[in-house]
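4 protein chains.
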Amino acid sequence: MSSEPAGAPGPRPSGTGEAVAVSRDEFDALFDSVRTWGRWSAADRGAWNRVTAAHVGRAAALVRDGTVVPLGRPWDTRPGPDNTKPALHYMSDLGDVEEPEPAAYKDFLGADYHAKSVSHLDALSHIAYRGQLYDGRVARQAIGAGGARFGAVAALGPLVTRGVLLDLPAVLGVDWLEPGRAVRGRDVLAAEEALDVRVVEGDAVLLRTGRFRRRRDTGPWDTGAASAGWHVDALPLLAERAVALIGSDGDNDVRPSPVEGLHSPVHTLAITAMGVPLLDNLDLEALSAACAGAGRHAFMLVVTPLNVPGGTGSPVNPVGVL
Amino acid sequence: MSSEPAGAPGPRPSGTGEAVAVSRDEFDALFDSVRTWGRWSAADRGAWNRVTAAHVGRAAALVRDGTVVPLGRPWDTRPGPDNTKPALHYMSDLGDVEEPEPAAYKDFLGADYHAKSVSHLDALSHIAYRGQLYDGRVARQAIGAGGARFGAVAALGPLVTRGVLLDLPAVLGVDWLEPGRAVRGRDVLAAEEALDVRVVEGDAVLLRTGRFRRRRDTGPWDTGAASAGWHVDALPLLAERAVALIGSDGDNDVRPSPVEGLHSPVHTLAITAMGVPLLDNLDLEALSAACAGAGRHAFMLVVTPLNVPGGTGSPVNPVGVL
Amino acid sequence: MSSEPAGAPGPRPSGTGEAVAVSRDEFDALFDSVRTWGRWSAADRGAWNRVTAAHVGRAAALVRDGTVVPLGRPWDTRPGPDNTKPALHYMSDLGDVEEPEPAAYKDFLGADYHAKSVSHLDALSHIAYRGQLYDGRVARQAIGAGGARFGAVAALGPLVTRGVLLDLPAVLGVDWLEPGRAVRGRDVLAAEEALDVRVVEGDAVLLRTGRFRRRRDTGPWDTGAASAGWHVDALPLLAERAVALIGSDGDNDVRPSPVEGLHSPVHTLAITAMGVPLLDNLDLEALSAACAGAGRHAFMLVVTPLNVPGGTGSPVNPVGVL
Amino acid sequence: MSSEPAGAPGPRPSGTGEAVAVSRDEFDALFDSVRTWGRWSAADRGAWNRVTAAHVGRAAALVRDGTVVPLGRPWDTRPGPDNTKPALHYMSDLGDVEEPEPAAYKDFLGADYHAKSVSHLDALSHIAYRGQLYDGRVARQAIGAGGARFGAVAALGPLVTRGVLLDLPAVLGVDWLEPGRAVRGRDVLAAEEALDVRVVEGDAVLLRTGRFRRRRDTGPWDTGAASAGWHVDALPLLAERAVALIGSDGDNDVRPSPVEGLHSPVHTLAITAMGVPLLDNLDLEALSAACAGAGRHAFMLVVTPLNVPGGTGSPVNPVGVL
């Protein structure tokens, strides 16, 4: 990977963060360096195998204030620059379809959720690189029109673990990271220090870029074209820390992608190489406030994907409990 | 309500449990007796107002073994006698729609979930009685084709509280309750005693009837026509105990309904009178085993409905954590 | 209605066409003047009652060249300024879901078609004015979450009749009518004269504004905000001519609406007052060329809506046969 | 193919029609014998290339009575033995979502239509045999999650041609053909003679088995397990006659399939070998009555599939015009 020039002439202004270009060869070396293929017998649970009963217990022990913070965005049926596949919501009964008493009100929900709007979990079947899914499974054999036979969200099930919020805007003293801002390994280390928290094995690490603060203040934009997110050079650190889950208020990848010819390199490293599911499009504004108020950035995180056999992920509404 | 004859000639065989008939007048008196309208300012959260930060903390403190038990059934796209509105699951990308590297696999999920198959939460907008929703809101004014303006699932948000499993088949020493078996107030009391647990304020009480054990052994049946579930006479006890949430592996109502002219009287009492959301169609088999193994029937329950503005409920995959 | 000043100082530049403002009282008078309520016993077929077997025969007799021209736009799954409710298209089988030989390829189609993209037919249940549907039916009683009990598209069935293309851009010698251009009664008369055709009883009159020529040349725009279409003052003429069907390459209404407080006055007059279904969003470019080539603007038109009980319309792909 | 024994001992009882077993080798020989690959430059229109402007004109000339008969079944949202993928129909606006005047009523329609309920057209991308689509195209290369790049329904467009109803129950003097009854080549010849009609080049041949008469009288059944339909031995005759389209009130294939290891051999021969699209699940009851009343079994047929780029077919509501 194109690391920074050794003799960089001095500190960059905080909050600028360039998405340093990475060649495909550098990416491939990185991919190999963080790969955990063959490590777990329950391969399609990937890094969730790290979350033992002990982790669950430690996560629950973090609950002190009893504050429950939902992280799921509103189901959005209107198209927009960051909502190219609007969700569906139709009333199927307004008390006038079935027998009258009591009157039942019912609705239909639908979503092609893997985009920039719905808060969702990516299962290990979501991304293949060079034809292979996580654990070296051949994607073409493992997934078809009937769904995923390997890496389905139903194989993941729910997750209860410690969540850590890396609140970059808070660390940098800005309202949000500008679209295109890459969050690199050194940013993670700086955030840990500033927030007095350390990401450890089995953790879920959530990156706040302030996307939804920015969206509220300046309106929606095409986050596929430009958004703050992880740079691939943060992934070796997260791999070393043995995280179970990575999430963000964006889709995790900084955009535009710094890797030549790869539109979602962070997805590729996390999901396909490391076996780490992703949480995309979380609304982390309330969690930011809650963590700031509580003076701590670690909490119990609960993620309960729908039990979809063959599903490549699921819309979710994760909760942080402080 | 037709209470039992005073001089009942002796104990009934356990496990028989008749669905004693209830007249409409008796039902209406019952409705009034458990009604909590006007009690809470955040009216569309109903009984979830009972779940304070202290409850959350006590729930988390129940986590000892670190066992996480999902309660959501598999998303079922095939019709059947208990699945008249099959869920939808289509692959929207098999790595061949968008740019090639990495290859992305995506899917569309859809469901008209308020039926007998999908595990789901009923919000307070789901049921109206005599034209009124919970808190006396006029249903016709509060809900339209655009969704619910009162009692939407987005107003509920997630719930973290103590869950109590009333494992009736375990109590009665049977594999399952036969379809039509009503679970009455006295059954609740007997279960509490047998399981050494007591339902208290803010609890989520989950009734296991063994539906999915029976389904696995004997195949699916039309649960709308016959299923084990709560009898209305259990509701005053649950109201007195001030529960926050009621759930079941069926749809909570014993069927056929014992109340003349009302197809879902338990829905009506819980949701419309008491402001208590319901969890329908949970798979409680694994939780039954986990509780039996742990020797306790209280645990942390986390329910994270999708954040659907205007939604009358949500598909969910709740977790019990022991 | 604000008719034109008697002493108009001279001809307006062709192609300018102002959308002369109409007060609500003028509109209501117009509504009453074209109303056909009570005229037909098969009320929910409205003006299609005019299309007798003789009309069908005369329409078929118009077929000379054997040219078949489809008028339906491509099913569009991408959002855009004129596609706020993108259609759905998912492959449900790629030869890998069911038994292998032969391999079957299948797909799911879905659409909330009443918008600006899908070519569709509006049935008589689509529009109510002051609470009433066509024929004075009370909308609230006639339509619910289960669909329309009056005026459903299934009651219309298919239509075979004479179609007349009013090709305004051809008449005016322009590529298209600019968004906002109102097509008034006098424009209809001028077009009839220029194209040597006369709209008569039972005809389907199709207005070409050149929308899709413009869209191809200049890109999509928000046609809800500005589009060429009928001015309400053309409707009395069409009512007098006793048309069965009105269609356009837009949604028929000129936008912005010239009638105070009414967003779709042409829909209201045609559907609700006159009982005339509408065809919206037709692609009339090929038909324009075919008519020009054949030197005539009347042809056999066949519209075959899907047979949806309770439906308020249907996506369609009508054909003109010359 | 297992042709009938030369010295068959005498006439079989009419209406019995056995589905004579066919080996895979016999089938493959049959496939080769009717194959039209390479014949047309507009390959994905297949046999519709046969329908010239002259055919359209001759079809229109058949209109005498002006009777329009729709052939599409009602959109069915309820599951059943012959409706395993119920269609969707939801109201998206009940006059209360958008601006109030006029009030607009709108709905969402959806269907995974390639099954036994929805009347639909199969395009040439619907069926592959031994990995190949019509014209020898490699299915895996031609169709993906984004739809069909060869043989899409949008390439077909609408069809106007002569339709011929082979009303087998009328010919045999029965109410319907029993499920499992195979319609063989000799049945076609007998029907032509009895009905005084001859299938010729470019025709659409529609087989009535009386399915919907039977369904109305005896209730729905699993037509995938047993239904009357074409035997493969009728296809050489239809190939020789150079038909453009084949349809039925079933799904065209007699079921159970008489060909070892092939669930839909008629689909395979018609679509994949001959390039002849199919119309499945037509309701031919009204057409039967209309033809009987008119004393002729040839008419103008108009089929207008939705214009779905990449679609493997389309729900349709074809019309016969007499």
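Protein chains in written order, with the numbering used here: chain A, 1 to 322; chain B, 1001 to 1322; chain C, 2001 to 2322; chain D, 3001 to 3322.
The beta carbon of each residue, even a glycine, is placed where N, CA and C say it ideally should be.
In this text, all values refer to a predicted model and were calculated from it rather than measured experimentally.
Just to confirm before moving on: does the CB-CB distance between Ala-2145 of chain C and Met-3091 of chain D stay below 7 Å?
For the purposes of this step, residue 2145 of chain C is taken as the residue at position 145 of the third sequence. For the purposes of this step, residue 3091 of chain D is taken as the residue at position 91 of the fourth sequence. Against a cut-off of 7 Å, the Cβ pair of Met-3091 of chain D and Ala-2145 of chain C comes out as a contact.
Would you mind working out which of B:Ala-1170, B:His-1267 and B:Asp-1222 sits nearest Arg-1208 of chain B, comparing C-alpha positions?
The residue labelled residue 1208 of chain B in the question sits at position 208 within the second sequence. Ranking B:Ala-1170, B:His-1267 and B:Asp-1222 by Cα distance to Arg-1208 of chain B puts B:Ala-1170 first.
For Ala-2294 of chain C, go through chain D and note every residue whose CB falls closer than 8 Å to its CB, in chain order.
Taking the first residue of the third sequence as position 1, residue 2294 of chain C is located at position 294. Within 8 Å Cβ-Cβ: nothing; Ala-2294 of chain C doesn't reach chain D, min ~12 Å.
Listing by chain order, which chain A residues have their CB less than 9 Å from the CB of Met-3091 of chain D?
Locating residue 3091 of chain D in the fourth sequence gives position 91, counting from the first residue. Near Met-3091 of chain D (Cβ distances below 9 Å), the residues of chain A are Tyr-90, Met-91, Ser-92 and Leu-94.
What does Ala-2043 of chain C touch in chain D if you count any residue whose Cβ is under 7 Å from its own?
The residue you call residue 2043 of chain C lines up with position 43 of the third sequence. Simply none; closest approach about 16 Å.
Pull up the CB-CB distance for Asp-3167 of chain D and Cys-3291 of chain D, whole angstroms please, since I reckon it's below 8 Å.
Within the fourth sequence, residue 3167 of chain D is the residue found at index 167, counting from 1. Within the fourth sequence, residue 3291 of chain D is the residue found at index 291, counting from 1. The pair is a contact, with the Cβ atoms about 7 Å apart (cut-off 8 Å).
Have a look at Leu-3322 of chain D and Ser-3288 of chain D and give me their C-alpha separation to the nearest angstrom.
Counted from its first residue, the fourth sequence places residue 3322 of chain D at position 322. Counted from its first residue, the fourth sequence places residue 3288 of chain D at position 288. Leu-3322 of chain D and Ser-3288 of chain D: Cα-Cα distance of roughly 12 Å.
Through-space distance from Arg-1241 of chain B to Asn-2307 of chain C, alpha-carbon basis:
For this step, residue 2307 of chain C is matched to residue 307 along the third sequence. For this step, residue 1241 of chain B is matched to residue 241 along the second sequence. Looking at the two C-alpha atoms, the distance is approximately 53 Å.
Contact check, His-3126 of chain D vs Ile-3271 of chain D, beta carbons under 7 Å:
Locating residue 3126 of chain D in the fourth sequence gives position 126, counting from the first residue. Locating residue 3271 of chain D in the fourth sequence gives position 271, counting from the first residue. Cβ atoms of His-3126 of chain D and Ile-3271 of chain D: closer than 7 Å.
Any Cβ of chain C within less than 7 Å of the Cβ of Ala-145 of chain A?
In the first sequence, the residue the question calls residue 145 of chain A occupies position 145. Closer than 7 Å to the CB of Ala-145 of chain A there is at least one CB belonging to chain C.
Status (buried if at least 16 other CB within 10 Å, exposed otherwise) for Asp-1283 of chain B
Here residue 1283 of chain B is taken as the residue at index 283 of the second sequence, counted from 1. That one is buried.
Distance check for Asp-1122 of chain B and Arg-1045 of chain B, CA to CA, integer angstroms please.
Locating residue 1045 of chain B in the second sequence gives position 45, counting from the first residue. Locating residue 1122 of chain B in the second sequence gives position 122, counting from the first residue. Each residue's alpha carbon lies about 12 Å from the other.
For Leu-3262 of chain D, go through chain C and note every residue whose CB falls closer than 8 Å to its CB, in chain order.
Mapped onto the fourth sequence, residue 3262 of chain D falls at position 262. Those are Glu-2101 and Pro-2102, listed as they occur along chain C.
Determine the direct distance from the alpha carbon of Trp-230 of chain A to that of Ser-3 of chain A, and round the result to whole angstroms.
Taking the first sequence and counting its residues from 1, the one referred to as residue 3 of chain A is at position 3. Taking the first sequence and counting its residues from 1, the one referred to as residue 230 of chain A is at position 230. Residue confidence is low: Ser-3 of chain A scores 36 on pLDDT, short of 50, so the model does not pin down where it sits. No coordinate-derived value is stated.
Report the CB separation of Pro-1277 of chain B from Ser-1119 of chain B in whole angstroms; it is logged as a contact under 8 Å.
Within the second sequence, numbered from 1, the residue matching residue 1277 of chain B stands at position 277. Within the second sequence, numbered from 1, the residue matching residue 1119 of chain B stands at position 119. Actually they do not touch by this definition, with Cβ atoms about 13 Å apart.
Which residues in chain D have a C-beta closer than 7 Å to the C-beta of Phe-108 of chain A? List them in chain order.
By 1-based counting over the first sequence, the position of residue 108 of chain A is 108. Chain D residues near Phe-108 of chain A: Tyr-3090.
Candidates A:Pro-81, A:Pro-102, A:Asp-32 and A:Leu-94, of which the one nearest Leu-1269 of chain B by Cα:
For the purposes of this step, residue 1269 of chain B is taken as residue 269 along the second sequence, with counting starting at 1. Checking every option, the nearest Cα to that of Leu-1269 of chain B belongs to A:Pro-102.
Span separating the alpha-carbon of Val-3205 of chain D from that of Pro-3070 of chain D:
As a position in the fourth sequence, residue 3205 of chain D is number 205, starting the count at 1. As a position in the fourth sequence, residue 3070 of chain D is number 70, starting the count at 1. Looking at the two C-alpha atoms, the distance is approximately 16 Å.
Opening and closing residue of the beta strand (DSSP E) in which Phe-108 of chain A lies:
Looking up residue 108 of chain A in the first sequence gives position 108. Segment 103 to 112, the beta strand (DSSP E) holding Phe-108 of chain A.
How about the stretch 2146 to 2161 of chain C and the stretch 2067 to 2081 of chain C: do they share at least three Cβ pairs that are nearer than 8 Å?
These segments do not touch.
Between the CA atoms of Glu-99 of chain A and Val-319 of chain A - distance to the nearest angstrom
Counted from its first residue, the first sequence places residue 319 of chain A at position 319. Counted from its first residue, the first sequence places residue 99 of chain A at position 99. Separation of Val-319 of chain A and Glu-99 of chain A (C-alpha to C-alpha, rounded to the nearest whole angstrom) is 37 Å.
Just to confirm the assignment, what range does the alpha helix (DSSP H) spanning Pro-3169 of chain D have?
The sequence position of residue 3169 of chain D within the fourth sequence is 169, counting from 1. Counting along the chain, the alpha helix (DSSP H) containing Pro-3169 of chain D begins and ends at 3168 to 3172.
Please list, in chain order, the chain D residues whose beta carbon lies closer than 9 Å to that of Pro-1179 of chain B.
Locating residue 1179 of chain B in the second sequence gives position 179, where the first residue counts as 1. Residues of chain D passing the Cβ test: none, with the nearest at roughly 21 Å.
Just verifying my parser: in three-state terms, what is the DSSP assignment at Tyr-184 of chain A?
By one-based count along the first sequence, residue 184 of chain A stands at place 184. The sequence shown places Arg at residue 184 of chain A, not Tyr. If DSSP states are grouped into helix, strand and coil, Arg-184 of chain A belongs with coil.
Using a 10 Å radius around the Cβ and a threshold of 16 neighbouring Cβ atoms, would you call Arg-3012 of chain D buried or exposed?
Residue numbering aside, residue 3012 of chain D sits at position 12 when the fourth sequence is read from its first letter. In this prediction, Arg-3012 of chain D has a pLDDT of 37, which is less than 50 and means its spatial position is unreliable; nothing more can be read from the coordinates.
Please list the partners that Pro-1086 of chain B has in chain D, where partner means a Cβ-to-Cβ separation under 9 Å.
Taking the second sequence and counting its residues from 1, one reaches residue 1086 of chain B at position 86. Within chain D, the residues near Pro-1086 of chain B are Pro-3079, Thr-3084, Lys-3085 and Pro-3086.
Compare the Cα-Cα distances from Leu-1199 of chain B to each of B:Gly-1173, B:Arg-1213, B:Thr-1161 and B:Arg-1215 and report the closest residue.
Counting from one through the second sequence, the residue named residue 1199 of chain B turns up at place 199. The amino acid occupying residue 1199 of chain B in the given sequence is Val; Leu does not appear at that position. Closest option to Val-1199 of chain B, Cα to Cα, is B:Thr-1161.
Contact set between the stretch 2247 to 2273 of chain C and chain D, restricted to residues whose Cβ is under 9 Å from the partner:
Gly-2261, Leu-2262, His-2263, Ser-2264, Pro-2265, His-2267, Thr-2268, Ile-2271 and Thr-2272
Can you give me the start and stop residues for the alpha helix (DSSP H) that His-3055 of chain D sits inside?
Here residue 3055 of chain D is taken as the residue at index 55 of the fourth sequence, counted from 1. For His-3055 of chain D, the enclosing alpha helix (DSSP H) starts and ends at 3053 to 3060.
Closer than 7 Å by beta-carbon distance: list the chain C residues that pair up with Ser-3125 of chain D, in chain order.
Sequence index remark: in the fourth sequence, residue 3125 of chain D carries index 125 (1-based). Near Ser-3125 of chain D (Cβ distances below 7 Å), the residues of chain C are Tyr-2105.
Using a Cβ-Cβ cutoff of 9 Å, what residues of the stretch 35 to 65 of chain A are near chain B? List them in chain order.
Val-51, Thr-52, Ala-53, Ala-54, His-55, Val-56, Gly-57, Arg-58, Ala-59, Ala-60, Ala-61, Leu-62, Val-63, Arg-64 and Asp-65
Does the CB of Trp-230 of chain A have a neighbour CB from chain B at under 7 Å?
Here the question's residue 230 of chain A lines up with position 230 in the first sequence. Chain B, which has no Cβ nearer than 7 Å to the Cβ of Trp-230 of chain A, makes this no.
Output yes if chain C places a C-beta closer than 7 Å to the C-beta of Val-316 of chain A; else output no.
The residue given as residue 316 of chain A occupies position 316 in the first sequence. No - not a single Cβ of chain C is within 7 Å of the one on Val-316 of chain A.
My parser needs the beta strand (DSSP E) runs of 3 or more residues fully inside the stretch 1189 to 1250 of chain B; what are they?
1204 to 1208 and 1245 to 1248
Mind checking Val-1302 of chain B: buried by the 16 CB within 10 Å criterion, or exposed?
The residue labelled residue 1302 of chain B in the question sits at position 302 within the second sequence. Residue burial annotation: Val-1302 of chain B is buried, with at least 16 other C-beta atoms found within 10 angstroms of its C-beta.
CB contact check: Val-1020 of chain B to chain D, cutoff 7 Å
Position 20 of the second sequence, counted from the first residue, corresponds to residue 1020 of chain B. Cβ-Cβ to chain D under 7 Å: no for Val-1020 of chain B.
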